[in-house]
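Q: Sharing a structure with you now.
In this note's numbering, the protein residues as written are 28 to 157.
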């Protein structure tokens, strides 16, 4: 996502209770779901429409962690018929990190995205000038 990032807004239709992690998520993805779901619900910015983005974020984080475990066990370089090549998990992990970073920003899980003023905050400030 390039350019101006969307502002986070407290939503009246926000999810009020933390839904359980989808059963199909990997173990690592479920751990991430449990880590962030209450934060998002407490901030009142997560709606039902955002749950797919949260699922994708958790899936990406799960892939990052699974790839890291694989890389720690097998190394970043592998021998293929006597030729040293980059372990494919390096690229998979890199792609998952990129997806996770972008989705984290959309969900308000990064320091920068949390520091952005909300649209409602700006509207409240404008009314003070009247």
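Think of the CB as a built atom: it goes at the ideal place given N, C-alpha and C, for glycine as much as any other residue.
Being a predicted model, the structure only gives us computed values, none of them experimental.
Which two residues bound the contiguous beta strand (DSSP E) that contains residue 106?
A: For the purposes of this step, residue 106 is taken as residue 79 along the chain shown, with counting starting at 1. From DSSP, the beta strand (DSSP E) with residue 106 extends over 104-107.
Q: Cutting at 6 Å between CB atoms, please list the residues of its own chain near residue 90, excluding the five before and the five after it.
A: On the chain shown, residue 90 is found 63 positions in, with the first residue counted as 1. These residues qualify, in order along the chain: 123.
Q: In the DSSP assignment, find the unbroken alpha helix (DSSP H) run with residue 126 in it and report its ends.
A: Counting from one through the chain shown, the residue named residue 126 turns up at place 99. Run containing residue 126: 115-134, per the alpha helix (DSSP H) assignment.
Q: The ligand GDP and residue 98: does the residue's C-beta get closer than 7 Å to at least one heavy atom of that ligand?
A: The model on display carries no ligand, and the ligand GDP is accordingly not part of it.
Q: Return the CA-CA distance between residue 65 and residue 117, expressed in angstroms with no decimal places.
A: By one-based count along the chain shown, residue 65 stands at place 38. By one-based count along the chain shown, residue 117 stands at place 90. Approximately 31 Å between the Cα atoms of the pair.
Q: Can you tell me the Cα-Cα spacing of residue 135 and residue 141, whole angstroms?
A: Reading the chain shown from its first residue, position 108 is the one you call residue 135. Reading the chain shown from its first residue, position 114 is the one you call residue 141. One C-alpha to the other measures close to 5 Å.
Q: Whose CA, out of 138, 93, 78, lies closest to the CA of residue 115?
A: As a first step, residue 115 must be located in the chain shown, where it is residue number 88. Nearest option by C-alpha distance: 93.
Q: Between the beta-carbon of residue 44 and the beta-carbon of residue 68, is there less than 8 Å?
A: Locating residue 44 in the chain shown gives position 17, where the first residue counts as 1. Locating residue 68 in the chain shown gives position 41, where the first residue counts as 1. Cβ atoms of residue 44 and residue 68: closer than 8 Å.
Q: Can you give the Cα-Cα distance for residue 87 and residue 109, rounded to whole angstroms?
A: On the chain shown, position 60 is the one that residue 87 refers to. On the chain shown, position 82 is the one that residue 109 refers to. So the alpha carbons of these two residues sit roughly 32 Å apart.
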